[in-house]
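Trainee:
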Amino acid sequence: MIYLFLRLHHIGCALSKRARNRIGYLLDLGRSVAEKLERTEAATVYRQLVQLLNRLRMPWVHKLNELPIRRPGPWPWLVALSLYGAALAVRLMFAPLLEGMKFLTFYPAVAAATLLCGWPQGLVVLVLSTVTAWYLFFTPFRSFDVPDASTAGALVGFLIVGGFNVLIVAALREAVRRADTAMAAQETLFRELQHRVANNLQLVVALLRNAQRNLRNPVAAAETLSEAEERIMAMSQLHRRLHDGTAYGSGLEPLLKEVLANAFGNLPVSVRVQVNGASDLSIDQMTAITLLTNEAALNAAKHVFSKGLGTRFDVSLSKDTAGRLNLLINDDGPGMAPQAVDANVKSLGMGLMEAFATQLGGSLKIAGSEGTSLSVAFETGRAA
C-alpha cells in the first residue's frame, strides 16, 4: 500500500507543466458544461436530443432500453467484459500499425459498454483499458513503471477523456430513456383525452336531447336549457378539479367528501361516505363515480334538503363476493312513487347519471320506496 502511494506521488510530481495545463483545461471545460446543463431546462435538452437522433437517422437508439442486457443480472457485466476483450484482441492484432495510438481500440469499447450496459460497466472497462495499456503498450513493457512525464500525461489524459466519454454517453442514454417514457406517457394521455372528450360530448348530446323534448313549451324549454347550461358549467369546474394531478392522491373517499361538501353548501345535511375495495379503480372510473355522486347530491339538494324533507345523504362503494363493485347512493327524503320514478328517469339529472353509470360499465337502478336510492354495479377497469 505504501509502495502504491509513493508510486502515485511520483507520477504526480513527474507531470510536466504542459500536462498540468491540459488537465486544468479539461476540468474547467467539464465545470462549464455542467453549469450549462444545470441552467438548461430538462425538457428542452431532451427535445433537442430526440430531434438530433431523428435527424441522424438513429431510431435504433430508442430500442436500447428493450435489450435483455439492460436488465439486472450478470449479462451487462459479461457484455462489458466481452467488449473489453474484443478491444484488447484488436489492439494486439494490429499492434505494429497502432504503435503510436495505444488507446485507439479502447475508446469504442468504453462508449459501447456505457451505452449498452450502463455507466458502472463503462467505468470498469475504462479502468481495465487504462491498466492494460499501461502494462502492455508503454515502455518498459509488462511493467507499471512510469519512466517520464509523457507516459503519465497519456495515462491520466486517457482516464479524463474516457471519463467524459462515459459521462456524455450515460447522459445521452438517460435522455433517450426519459424521452421514450415521456413519449409513451404523452400517447397515453392523448388517448385518455380523446376518450374523455368523447364521453363529455355524449353528455352534451344527452342534455340537448332532453331540452328538445320541451320545445313545444317555450317556458319549459328555456328552463331546461338554463338548467343544462348550469350543469355543463358545474361539470366543467369539477373536471378541472378532477384532472388536477393531486385530486386522487389521498384516495376516492376524501375526494367524494369534498365534492359533497361543495354540493350541499350550508344545507343541514349529515353526509356519510364509505369506500372499500376500490384500490384497483381506474382514473376514468373514479371520475365517473365522482361526477355521478355530485349529480345525485345536486338533485337531492334541490328536491329534498332545500325543502327540509331530509337531513342524511349516504354514499357507499363496496366489492361483492363476485369481485364486482357496487355503488349505492341514498337519502332519507320522502322517496318517489313508481310513477314518479318512471317520469324522473326522463329528467335532465337522471339522464346525466344514466350516462355516468354507462361510463362505469353498468346501469343505473332507482328505488324510491324509503328515500331515494341509486345503485350501479360494475367491474373494475371497464369504464366506457
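First residue of the sequence shown: 0, per numbering that gives the first Met the number 0; consecutive thereafter. Quick reminder that beta carbons are idealized off the backbone N, C-alpha and C, glycines included.
Which runs of the alpha helix (DSSP H), 4 residues or longer, sit entirely within the segment 271–302?
Mentor: Segments of the alpha helix (DSSP H) lying fully in the segment 271–302: 282–302.
Trainee: Mark residue 271 as exposed unless 16 or more other C-beta atoms lie within 10 angstroms of its C-beta, in which case mark it buried.
Mentor: Within the sequence shown, residue 271 is the residue found at index 272, counting from 1. Exposed is the call here.
Trainee: Whether or not the segment 308–318 and the segment 269–287 are in contact is what I'm after, with contact meaning three or more pairs of Cβ atoms, one per stretch, closer than 8 Å; do they touch?
Mentor: Touching, yes.
Trainee: What does the alpha-carbon distance come out to for the pair residue 303 and residue 328?
Mentor: Numbered from 1 along the sequence shown, position 304 holds the residue referred to as residue 303. Numbered from 1 along the sequence shown, position 329 holds the residue referred to as residue 328. Distance between the alpha carbons of residue 303 and residue 328: 14 Å.
Trainee: Using 10 angstroms around the beta-carbon of residue 99, count the other beta-carbons present and answer buried if the total reaches 16, otherwise exposed.
Mentor: Translated into positions along the sequence shown, residue 99 becomes position 100. It is exposed - the Cβ of residue 99 has fewer than 16 other Cβ atoms within 10 Å.
Trainee: State the Cα-Cα distance for the pair residue 290 and residue 281, rounded to the nearest angstrom.
Mentor: Sequence index remark: in the sequence shown, residue 290 carries index 291 (1-based). Sequence index remark: in the sequence shown, residue 281 carries index 282 (1-based). Approximately 14 Å between the Cα atoms of the pair.
Trainee: Let's see if you can read the secondary structure: which residues bound the beta strand (DSSP E) around residue 311?
Mentor: One-based indexing of the sequence shown puts residue 311 at position 312. Segment 311–318, the beta strand (DSSP E) holding residue 311.
Trainee: Would you grab the beta carbon distance between residue 385 and residue 108 for me? Rounded to a whole angstrom, and I think it's under 8 Å.
Mentor: It is not possible to answer for residue 385, since the shown part of the chain is limited to 0 through 383.
Trainee: Who are the near neighbours of residue 105 in its chain, counting only those whose CB is closer than 6 Å to its CB and skipping five residues on each side?
Mentor: Position 106 of the sequence shown holds residue 105. Counting only Cβ-Cβ distances below 6 Å, and skipping sequence neighbours, we find 86 and 128.
Trainee: Closest to residue 154 by CA distance: which of 137, 164 and 251 is it?
Mentor: Stepping through the sequence shown from its first residue, residue 154 is reached at position 155. Of 137, 164 and 251, the residue nearest in Cα terms is 137.
Trainee: Can you give me the C-alpha to C-alpha distance between residue 164 and residue 186, rounded to a whole angstrom?
Mentor: On the sequence shown, position 165 is the one that residue 164 refers to. On the sequence shown, position 187 is the one that residue 186 refers to. Taking the straight line from one Cα to the other gives about 33 Å.
Trainee: Please list, in chain order, all residues of the same chain as residue 374 whose beta carbon is under 7 Å from its beta carbon, the five residues on each side excluded.
Mentor: Working through the sequence shown from its first residue, we reach residue 374 at position 375. Counting only Cβ-Cβ distances below 7 Å, and skipping sequence neighbours, we find 325, 326, 327 and 364.
Trainee: Per DSSP, what kind of secondary structure is residue 179 in: helix, strand or coil?
Mentor: The residue labelled residue 179 in the question sits at position 180 within the sequence shown. Residue 179: helix per DSSP, three-state reduction.
Trainee: For the alpha helix (DSSP H) holding residue 256, just list the boundary residues, first then last.
Mentor: As a first step, residue 256 must be located in the sequence shown, where it is residue number 257. Counting along the chain, the alpha helix (DSSP H) containing residue 256 begins and ends at 251–263.
Trainee: Residue 325 bridges to which residues according to DSSP?
Mentor: In the sequence shown, counting from the first residue as 1, residue 325 sits at position 326. Its beta-bridge partners are 317 and 376.
Trainee: I need the straight-line Cα distance from residue 301 to residue 264, nearest angstrom please.
Mentor: Counting from 1 along the sequence shown, the entry for residue 301 is found at position 302. Counting from 1 along the sequence shown, the entry for residue 264 is found at position 265. So the alpha carbons of these two residues sit roughly 12 Å apart.
Trainee: Please list the terminal residues of the continuous beta strand (DSSP E) segment that includes residue 366.
Mentor: The sequence position of residue 366 within the sequence shown is 367, counting from 1. Start and end: 363–366.
Trainee: With distances taken between CB atoms, is the gap from residue 169 to residue 113 smaller than 8 Å?
Mentor: For the purposes of this step, residue 169 is identified with residue 170 of the sequence shown, where counting begins at 1. For the purposes of this step, residue 113 is identified with residue 114 of the sequence shown, where counting begins at 1. A contact, by the Cβ cut-off of 8 Å.
Trainee: Take residue 259 as the anchor and find which of 299, 226 and 283 has the nearest alpha-carbon.
Mentor: Taking the first residue of the sequence shown as position 1, residue 259 is located at position 260. Of the listed residues, the one whose Cα sits closest to residue 259 is 299.
Trainee: In the structure shown, what three-state DSSP assignment does residue 189 receive?
Mentor: Indexing the sequence shown from 1 puts residue 189 at position 190. Here residue 189 sits in helix by DSSP.
Trainee: Measure the alpha-carbon distance for residue 371 versus residue 182 and round it to whole angstroms.
Mentor: In the sequence shown, the residue the question calls residue 371 occupies position 372. In the sequence shown, the residue the question calls residue 182 occupies position 183. Distance between the alpha carbons of residue 371 and residue 182: 47 Å.
Trainee: Could you tell me which of 78, 97 and 135 sits nearest to residue 116, measuring between CA atoms?
Mentor: Within the sequence shown, the letter at position 117 stands for residue 116. Considering only alpha carbons, the answer is 78.
Trainee: Could you spell out the range, first to last residue, of the alpha helix (DSSP H) harbouring residue 105?
Mentor: Locating residue 105 in the sequence shown gives position 106, counting from the first residue. First-last of the alpha helix (DSSP H) with residue 105: 105–115.
Trainee: Check the DSSP bridge columns for residue 330 and list the partner residues they point to.
Mentor: Reading the sequence shown from its first residue, position 331 is the one you call residue 330. In the DSSP output, where bridge partners are listed per residue, residue 330 has 312.
Trainee: Looking at the secondary structure, which residues open and close the alpha helix (DSSP H) in which residue 131 lies?
Mentor: To locate residue 131, count along the sequence shown from 1; it is residue 132. Segment 118–135, the alpha helix (DSSP H) holding residue 131.
Trainee: Using the three-state DSSP reduction, which class does residue 269 fall into: helix, strand or coil?
Mentor: The residue given as residue 269 occupies position 270 in the sequence shown. Residue 269: strand per DSSP, three-state reduction.
Trainee: Over what stretch of residues does the alpha helix (DSSP H) that includes residue 90 continue unbroken?
Mentor: Within the sequence shown, the letter at position 91 stands for residue 90. That run of the alpha helix (DSSP H) goes 74–92.
Trainee: From residue 315 to residue 366, what distance separates their C-alpha atoms?
Mentor: The residue you call residue 315 lines up with position 316 of the sequence shown. The residue you call residue 366 lines up with position 367 of the sequence shown. Looking at the two C-alpha atoms, the distance is approximately 16 Å.
Trainee: For the candidate residues 369, 81 and 354, whose alpha-carbon lies nearest to that of residue 204?
Mentor: Here residue 204 refers to the residue found at position 205 when the sequence shown is read from its first residue. Per the Cα distances, 354.
Trainee: Short of 6 Å in beta carbon distance, which residues of its chain neighbour residue 351, apart from the five on each side in sequence? Order them along the chain.
Mentor: Along the sequence shown, one-based indexing puts residue 351 at 352. Only 294 meet the Cβ criterion.
Trainee: According to DSSP, is residue 357 helix, strand or coil?
Mentor: Numbered from 1 along the sequence shown, position 358 holds the residue referred to as residue 357. Three-state DSSP puts residue 357 in a helix.
Trainee: Which of the three DSSP states is assigned to residue 225 in this structure?
Mentor: Counting from 1 along the sequence shown, the entry for residue 225 is found at position 226. Residue 225: helix per DSSP, three-state reduction.
Trainee: Report back the beta-carbon spacing between residue 358 and residue 287 to the nearest angstrom; my notes put them in contact at under 8 Å.
Mentor: In the sequence shown, counting from the first residue as 1, residue 358 sits at position 359. In the sequence shown, counting from the first residue as 1, residue 287 sits at position 288. Confirmed, about 4 Å.
Trainee: DSSP state of residue 369, grouped into three classes?
Mentor: Counting from 1 along the sequence shown, the entry for residue 369 is found at position 370. Three-state result, residue 369: coil.
Trainee: Leaving out five residues before and five after residue 251 in sequence, what residues of the same chain have Cβ atoms less than 6 Å from its Cβ?
Mentor: The sequence position of residue 251 within the sequence shown is 252, counting from 1. Within the same chain, residue 251 has close Cβ partners 274, 277 and 285.
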